[in-house]
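Asks: Mapping of the sequence shown onto the numbering used here: position 45 corresponds to residue 62, and the numbering continues sequentially without gaps. Note that beta-carbon positions come from the ideal geometry of N, C-alpha and C, so glycine has one too. On a predicted model such as this, the values are computed, not experimentally measured, just so you know.
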Amino acid sequence: MIQNALREIKRGTAEIIDEARIETLLKNYFEKGENYTVKAGFDPTAPDLHLGHTVLLQKLSVFQKFGAHIQFLIGDFTAQIGDPTGKSETRKKLLPAQVLENAQSYKDQVFKILDPEKTTVVFNSEWINPLGAAGMLELTTTYNVARMLERDDFDKRYKGGISISISEFLYPLLQGYDSVHLKSDIEIGGTDQKFNLLMGRHLQRVYEIGKEQAVLMMPILEGLDGVQKMSKSLGNYIGVVEAPNDMYGKVLSISDTLMWRYYELLSAKSLDEIDVLKTGVENGTLHPKKVKEALAIEITARFHSAEAAEGAHAEFERVHAQSEIPSEMDEFSLEGPIWIAKALVDCSLSPSTSQARREIKQGSVKIDQNKLSDEQYQLEAGEYILQVGKRKFARLKVTQ
Numbered sequence: 018m019i020q021n022a023l024r025e026i027k028r029g030t031a032e033i034i035d036e037a038r039i040e041t042l043l044k045n046y047f048e049k050g051e052n053y054t055v056k057a058g059f060d061p062t063a064p065d066l067h068l069g070h071t072v073l074l075q076k077l078s079v080f081q082k083f084g085a086h087i088q089f090l091i092g093d094f095t096a097q098i099g100d101p102t103g104k105s106e107t108r109k110k111l112l113p114a115q116v117l118e119n120a121q122s123y124k125d126q127v128f129k130i131l132d133p134e135k136t137t138v139v140f141n142s143e144w145i146n147p148l149g150a151a152g153m154l155e156l157t158t159t160y161n162v163a164r165m166l167e168r169d170d171f172d173k174r175y176k177g178g179i180s181i182s183i184s185e186f187l188y189p190l191l192q193g194y195d196s197v198h199l200k201s202d203i204e205i206g207g208t209d210q211k212f213n214l215l216m217g218r219h220l221q222r223v224y225e226i227g228k229e230q231a232v233l234m235m236p237i238l239e240g241l242d243g244v245q246k247m248s249k250s251l252g253n254y255i256g257v258v259e260a261p262n263d264m265y266g267k268v269l270s271i272s273d274t275l276m277w278r279y280y281e282l283l284s285a286k287s288l289d290e291i292d293v294l295k296t297g298v299e300n301g302t303l304h305p306k307k308v309k310e311a312l313a314i315e316i317t318a319r320f321h322s323a324e325a326a327e328g329a330h331a332e333f334e335r336v337h338a339q340s341e342i343p344s345e346m347d348e349f350s351l352e353g354p355i356w357i358a359k360a361l362v363d364c365s366l367s368p369s370t371s372q373a374r375r376e377i378k379q380g381s382v383k384i385d386q387n388k389l390s391d392e393q394y395q396l397e398a399g400e401y402i403l404q405v406g407k408r409k410f411a412r413l414k415v416t417q
């Protein structure tokens, strides 16, 4: 039983430091009923999450199955400093009101995955604010500048003559101090957080709390393109608050190869269940599209409902398999005549007129289900169904 639990915990991980400690914690849970704590920190720097963020949440939910109580840490204090990880410049500070608003949004979303009975939401301002100037100065004595500059992003910026604020040096120290205060047994994070995660082990040792947390790191999830990390700025993301139809369609758009990566990191199915699916695809008894549909339904149901997921599946089949237009779409009204490229931008179907022109040249644009090839086309007064690609639709009324 312990080895099966460890196998699920290790699933998809990039690196584990002190695996023996995790195994001991599992042994104590199964043999003595002793629970343990797993910490994960989130800076509320944006109001919503995408599936890349939920990789950690999925791992936390696995730990909950095997005796863990989750310390879901919202870094409301550290968010006002800004995590320098991977940044080439000092990040702008967030206003306290923005932090609190984003934090509430996080709390509303994470319990779609985590068991609230086995989760404690904590804010690190609760113990960092009382540190005061004296406590903060004491914290800075636990690490030296030379060691801090060993961190890859600091090293590159220092050698490149790019500014590094003193507050950014404080960030990993404060994240590590969170582990001291919480007395965490395990901390999990992305591979880009390794320096900060190890700081927790270091400070637990310095402050002599009687334990050193194990560290588990998860890989960064690739976005829809299968190449770049999932990111809103790159437009290759699936937001957890997206409409069911959009979420379902985006999952179904990933490649057959990337599908297995998403199964490993996002699905609640066991490794054995996934192996059965893989075997079925390999021997031809299962079609990859059917397996991908099951993943899309699972993910959509998680953030909405089983009914919404089935509805999204039926709508996708109706629109795409039968080449019909969706029953619902955004509606717009514009004055005409209007250039088609501008209309596509104004209807939020393309990000720019240059991109719209490229999509027309590629044959991706349709008007009333008829493919458009003239990139200079003018829409006169009337009503139109505009379409870009397979999933983007808008109803446009052009007035004189």
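1. Is it true that the CB of L282 sits closer than 9 angstroms to the CB of G92?
2. When the Cα of D209 is compared with those of R408, L220, P236, which residue comes out closest?
3. Measuring CA to CA, which of K359, V336, I203 is closest to K409?
4. Assuming the contact rule is C-beta atoms closer than 8 angstroms, F128 and L90 should be a hit. Round their C-beta distance to whole Å, please.
5. Hey, how far is the Cα of T416 from the Cα of Q379?
6. Tell me the DSSP secondary structure of D242 in three-state form.
7. In this structure, does DSSP put Q393 in helix, strand or coil?
8. Run through DSSP, which three-state label would G256 get?
9. What separation, rounded to the nearest whole angstrom, lies between the Cα atoms of G227 and V308?
10. Name the residue from L403, E204, D391, K359 whose alpha carbon lies nearest to the alpha carbon of D347.
11. Using the beta-carbon count (16 or more within 10 Å), is K56 buried or exposed?
12. Taking the straight line between their C-alpha atoms, what separation do you get for G399 and S381?
13. Could you tell me which uninterrupted beta strand (DSSP E) segments, each at least 3 residues in length, are contained entirely in the segment 141 to 207, listed from first to last along the chain?
14. Give me the Cα-Cα distance between G69 and E315, rounded to the nearest whole angstrom.
15. Looking only at C-alpha atoms, which of D125, K173, V162, D273 sits nearest to D242?
16. Under a three-way DSSP split, which group does I355 fall into?
17. Going by DSSP, what residue range makes up the alpha helix (DSSP H) through F80?
18. Rounding to the nearest angstrom, what Cα-Cα distance links G301 and I291 in this structure?
19. Assign S250 to one of three DSSP states: helix, strand, or coil.
20. Beta carbon of A114, beta carbon of P61: below 9 angstroms?
21. How long is the line joining the alpha carbons of E334 and S270, rounded to whole angstroms?
22. Please report how far the alpha carbon of A358 lies from the alpha carbon of S371, in whole angstroms.
23. Please classify M216 as buried or exposed, where buried requires at least 16 other C-beta atoms within 10 Å of its C-beta.
24. Using the three-state DSSP reduction, which class does Y279 fall into: helix, strand or coil?
25. Please report how far the alpha carbon of F212 lies from the alpha carbon of V293, in whole angstroms.
26. Using only alpha-carbon positions, find the residue among R222, A325, S344, Y280 that is nearest to E259.
27. Measure the Cβ-Cβ separation of K135 and A85 and say whether it is below 9 angstroms.
28. Note the first and the last residue of the continuous alpha helix (DSSP H) segment covering A331.
29. Indicate the three-state DSSP secondary structure (helix, strand or coil) for S350 in the structure shown.
30. Note down the Cα distance separating M18 from T137, rounded to an integer number of angstroms.
31. Does H304 pass the burial test, meaning 16 or more other C-beta atoms within 10 Å, or should it be called exposed?
32. To which residues of the same chain is L389 closer than 8 angstroms at the C-beta, ignoring the five residues directly before and after it?
33. Cα separation between L42 and L156?
34. Kindly identify the DSSP beta-bridge partner or partners of A57.
35. Taking its Cβ as the centre, do 16 or more other Cβ atoms sit within 10 Å of V405, making it buried, or is it exposed?
36. Could you tell me the distance, in whole angstroms, from the CA atom of A329 to the CA atom of C364?
Replies: With the structure as the only source:
1. Here residue 92 is taken as the residue at index 75 of the sequence shown, counted from 1. Here residue 282 is taken as the residue at index 265 of the sequence shown, counted from 1. Not a contact, by the Cβ cut-off of 9 angstroms.
2. The residue you call residue 209 lines up with position 192 of the sequence shown. Out of R408, L220, P236, P236 has the C-alpha closest to the C-alpha of D209.
3. The residue labelled residue 409 in the question sits at position 392 within the sequence shown. Here the closest residue by C-alpha is V336.
4. Against the sequence shown, residue 128 aligns to sequence position 111. Against the sequence shown, residue 90 aligns to sequence position 73. The pair is not a contact, with the Cβ atoms about 15 angstroms apart (cut-off 8 angstroms).
5. Numbered from its first residue, the sequence shown carries residue 416 at position 399. Numbered from its first residue, the sequence shown carries residue 379 at position 362. For T416 and Q379, the distance between alpha carbons rounds to 28 angstroms.
6. Translated into the one-based positions of the sequence shown, residue 242 becomes position 225. Coil.
7. Numbered from its first residue, the sequence shown carries residue 393 at position 376. Coil.
8. Position 239 of the sequence shown, counting from 1, holds the residue named residue 256. Note: G256 maps to strand in three-state DSSP.
9. Along the sequence shown, one-based indexing puts residue 227 at 210. Along the sequence shown, one-based indexing puts residue 308 at 291. In a straight line, the C-alpha of G227 is about 47 angstroms away from that of V308.
10. What you label residue 347 is simply residue 330 of the sequence shown in a count that begins at 1. Checking every option, the nearest Cα to that of D347 belongs to L403.
11. As a position in the sequence shown, residue 56 is number 39, starting the count at 1. Classification for K56: buried.
12. Counted from its first residue, the sequence shown places residue 399 at position 382. Counted from its first residue, the sequence shown places residue 381 at position 364. Cα to Cα, G399 sits roughly 22 angstroms from S381.
13. As for any beta strand (DSSP E) of minimum length 3 sitting wholly inside the segment 141 to 207, the runs are 203 to 207, ordered along the chain.
14. As a working note, residue 69 is residue 52 in the sequence shown. As a working note, residue 315 is residue 298 in the sequence shown. Computed Cα separation, rounded: 16 angstroms.
15. The sequence position of residue 242 within the sequence shown is 225, counting from 1. Per the Cα distances, D273.
16. Start at 1 with the first residue of the sequence shown, and residue 355 comes out as number 338. Correct three-state label for I355: strand.
17. For this step, residue 80 is matched to residue 63 along the sequence shown. According to the DSSP assignment, F80 belongs to the alpha helix (DSSP H) that extends over 71 to 82.
18. As a position in the sequence shown, residue 301 is number 284, starting the count at 1. As a position in the sequence shown, residue 291 is number 274, starting the count at 1. In a straight line, the C-alpha of G301 is about 15 angstroms away from that of I291.
19. Within the sequence shown, the letter at position 233 stands for residue 250. Note: S250 maps to coil in three-state DSSP.
20. The residue you call residue 114 lines up with position 97 of the sequence shown. The residue you call residue 61 lines up with position 44 of the sequence shown. No; because the gap between Cβ atoms is not below 9 angstroms, this pair is not in contact.
21. In the sequence shown, the residue the question calls residue 334 occupies position 317. In the sequence shown, the residue the question calls residue 270 occupies position 253. Using only the alpha carbons, I get a separation of about 13 angstroms.
22. Residue mapping note: residue 358 aligns to position 341 of the sequence shown, counting from 1. Residue mapping note: residue 371 aligns to position 354 of the sequence shown, counting from 1. The straight-line gap from Cα to Cα measures roughly 8 angstroms.
23. Within the sequence shown, numbered from 1, the residue matching residue 216 stands at position 199. Classification of M216: buried, given that the 10 Å Cβ count is 16 or more.
24. Here the question's residue 279 lines up with position 262 in the sequence shown. The answer is helix: DSSP assigns Y279 an H, G or I state.
25. Reading the sequence shown from its first residue, position 195 is the one you call residue 212. Reading the sequence shown from its first residue, position 276 is the one you call residue 293. Approximately 37 angstroms between the Cα atoms of the pair.
26. In the sequence shown, residue 259 corresponds to position 242, counting from 1. Of the candidates R222, A325, S344, Y280, the one whose C-alpha sits nearest the C-alpha of E259 is A325.
27. What you label residue 135 is simply residue 118 of the sequence shown in a count that begins at 1. What you label residue 85 is simply residue 68 of the sequence shown in a count that begins at 1. In contact: K135 and A85 (Cβ atoms closer than 9 angstroms).
28. As a position in the sequence shown, residue 331 is number 314, starting the count at 1. Residue range 323 to 333 is occupied by the alpha helix (DSSP H) that includes A331.
29. Taking the first residue of the sequence shown as position 1, residue 350 is located at position 333. If DSSP states are grouped into helix, strand and coil, S350 belongs with the strands.
30. As a first step, residue 18 is located in the sequence shown; it is residue number 1 there, counting from the start. As a first step, residue 137 is located in the sequence shown; it is residue number 120 there, counting from the start. For M18 and T137, the distance between alpha carbons rounds to 26 angstroms.
31. For the purposes of this step, residue 304 is taken as residue 287 along the sequence shown, with counting starting at 1. Flag for H304 reads exposed.
32. Counting from one through the sequence shown, the residue named residue 389 turns up at place 372. Here the set comprises I357, I377, V382, K383.
33. For this step, residue 42 is matched to residue 25 along the sequence shown. For this step, residue 156 is matched to residue 139 along the sequence shown. In this model, L42 and L156 are separated by some 29 angstroms (Cα to Cα).
34. Residue numbering aside, residue 57 sits at position 40 when the sequence shown is read from its first letter. F89, per the DSSP bridge assignment.
35. Taking the first residue of the sequence shown as position 1, residue 405 is located at position 388. So V405 ends up on the buried side.
36. Here the question's residue 329 lines up with position 312 in the sequence shown. Here the question's residue 364 lines up with position 347 in the sequence shown. Answer to the nearest angstrom: the Cα atoms are 22 angstroms apart.
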